[in-house]
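Reading the first sequence from the start, the letters are residues 19 to 215 in this note's numbering.
Backbone N, C-alpha and C fix where the C-beta goes; we use that ideal spot for every residue, glycine too.
All of these numbers come straight from a predicted model, not from anything done at the bench.
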Amino acid sequence: MPAWPGVPLPRSFYDRDPLVVAPELLNKVLASSSGRAGRIVEVEAYRGDIDPAAHTYRGKTARNATMFGPPGFMYVYFTYGMHWCCNTVCEAEGQGSGVLLRALEPIAGIEQMRSARARVKRDQELCSGPARLTQAMGIAGAQNGIDLVSAQQGFSVLDDGIAPPENLVGTARIGISRGMEHLWRWYVPGNVNVSKR
DNA sequence: TTAGAGATGATC
DNA sequence: ATCATCTCTAAG
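Set out below in structure tokens:
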């Protein structure tokens, strides 16, 4: 029983500039074999070559190695001493670019999400932030480097026929201190699951 | 409803 | 010292 009906995005979807991939990921579905799924409603693009806010800007390290790998894999990193965040790797191997998933609209397995985030009161608090959604979906360090295209390792990004919003406008990314000039954050307008300011 | 600060540890 | 964050607490 799949978490949600849909077709996994092909490798070629990810093998493009993250500035193109990020807005197209809106309204796609992040699904887990555990039965949990959420619609992607907020994303940010990061580009290793020209983006001082990207983890990959200063070259390859043990931590960011996944993001320098082939497209369509999941880069998961640990930050602020307690949080995990989840990206999709983009462009060809060696580029070091990706898309940070910042918020989901919960659509399946909501009871499991609540178990993973017991303090939460409203559904819209379950996945409305990059570290919240990894908690709710059960994503942590063990998921760094898994293949989202083959969907053989428990997670995939699905197209279920819902198109991205039209007339999107990029906004400033959240929580960074450099690269502020790049307006590389996109979200589904009006969706209550988008992270708060 | 909003603002401020603590938590907590890997990274470079 | 910084960090692609969250949550609690106190004040308004």
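Distance, Cα to Cα, S195 vs E62? What you label residue 195 is simply residue 177 of the first sequence in a count that begins at 1. What you label residue 62 is simply residue 44 of the first sequence in a count that begins at 1. When rounded, the distance between both Cα atoms is 15 angstroms.
Does the distance from the CB of G53 to the CB of A80 come in under 7 angstroms? Here the question's residue 53 lines up with position 35 in the first sequence. Here the question's residue 80 lines up with position 62 in the first sequence. No, the Cβ-Cβ distance between G53 and A80 is not below 7 angstroms.
Cβ contact check for the stretch 192-207 and the stretch 40-54: 3 or more pairs under 8 angstroms: yes
Buried or exposed for V117, please, with buried defined as at least 16 other CB atoms from any protein chain shown within 10 angstroms of its CB. By 1-based counting over the first sequence, the position of residue 117 is 99. Counting of Cβ neighbours within 10 angstroms places V117 among the buried residues, the total reaching 16 or more.
contact_flag[the stretch 103-112, the stretch 178-187] where n(CB pairs < 8 angstroms) is 3 or more: no
Using DSSP bridges, identify the partner residues of W204. Walking along the first sequence from the start, residue 204 turns up at place 186. Its beta-bridge partners are V61.
Measure the beta-carbon distance from M198 to G56 and round it to whole angstroms, keeping in mind my assumption that it falls under 8 angstroms. Numbered from 1 along the first sequence, position 180 holds the residue referred to as residue 198. Numbered from 1 along the first sequence, position 38 holds the residue referred to as residue 56. Not really, about 28 angstroms apart at Cβ, beyond 8 angstroms.
Closest to G66 by CA distance: which of E60, T84 and S51 is it? Reading the first sequence from its first residue, position 48 is the one you call residue 66. Looking at E60, T84 and S51, the one whose alpha-carbon comes closest to that of G66 is T84.
Best match in K139, M92 and R76 for proximity to L48 [C-alpha to C-alpha]: Within the first sequence, residue 48 is the residue found at index 30, counting from 1. The option with the nearest alpha carbon to L48 is M92.
DSSP bridge partner residues for P26 (one or two, in chain order): To locate residue 26, count along the first sequence from 1; it is residue 8. Its beta-bridge partners are L176.
In whole angstroms, give me the CA-to-CA distance for P148 and T97. Within the first sequence, numbered from 1, the residue matching residue 148 stands at position 130. Within the first sequence, numbered from 1, the residue matching residue 97 stands at position 79. Those two C-alpha atoms are separated by around 11 angstroms.
Simplified DSSP state of M85, which is helix, strand or coil: Against the first sequence, residue 85 aligns to sequence position 67. In this structure, M85 counts as helix in the three-state DSSP scheme.
Three-state secondary structure assigned by DSSP to E129: Indexing the first sequence from 1 puts residue 129 at position 111. Looking at E129 - three-state DSSP - the assignment turns out to be helix.
Which partner residues of A121 appear in the DSSP bridge assignment? As a working mapping, residue 121 is identified with position 103 in the first sequence. DSSP output for A121 lists E60 as bridge partner(s).
Tell me which same chain residues have a C-beta within less than 8 angstroms of the C-beta of L37, skipping the five on either side of it? Position 19 of the first sequence, counted from the first residue, corresponds to residue 37. These residues qualify, in order along the chain: A63, R65 and W202.
Between which residues of its own chain and F86 is the CB-CB distance below 8 angstroms, once the five residues before and five after are set aside? On the first sequence, residue 86 is found 68 positions in, with the first residue counted as 1. Same-chain partners within the cutoff: G66, T74, K78, E111, G112, Q113 and G114.
What separation, rounded to the nearest whole angstrom, lies between the Cα atoms of R120 and R76? Counting from one through the first sequence, the residue named residue 120 turns up at place 102. Counting from one through the first sequence, the residue named residue 76 turns up at place 58. Taking the straight line from one Cα to the other gives about 23 angstroms.
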